[in-house]
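Below is one structure, written out as structure tokens; comments come after it.
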């Protein structure tokens, strides 16, 4: 019953009670256009992406660089933790992406050196 401004076609469709009225949106699969449109709407966008260099990862408010089912399992586990244990201030998405890239580069180096 609503549309995301800036998107065309079926991907623009949403509900007023869902995306339009939400403050935070989880985008579980890479979709740079959707992420960009949601950020432009002032939404806090959480993206799950294996690629820290993707448009979605760079544009998101919060990027989780990991595999989707593992992320969902971890999120369910974290829901039982005290809120004080989950809060990390300040959050810096650029620093998270830099750390993820460093991790990937380290793993590639170890693999190429036979480790």
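Numbering (the working numbering), first residue to last: 3 to 117.
Here a beta-carbon is modelled for each residue, glycine too, at the ideal position from N, C-alpha and C.
Each of 102, 112, 107, 115 was checked against the Cα of residue 50, and the nearest Cα belongs to 102. According to DSSP, residue 4 shares a beta bridge with 16.
Annotation for residue 52: no beta strand (DSSP E) segment contains it, and DSSP assigns it neither H nor E.
Within the same chain, Cβ atoms closer than 7 Å to the Cβ of residue 9 are found at 35, 36, 39, the five residues on either side in sequence being excluded. Leaving aside the five residues that flank residue 33 on each side, the residues in its chain whose CB is nearer than 7 Å to its CB run, in chain order, 58. Under DSSP, residue 65 shares a beta bridge with 49. Counting other Cβ atoms within 10 Å of its Cβ, residue 65 reaches 16 or more and is therefore classed as buried. Residue 26 is classed as exposed because its beta carbon has fewer than 16 other beta carbons within 10 Å across all chains shown. Residue 28: member of the beta strand (DSSP E) spanning 26–29, first to last residue.
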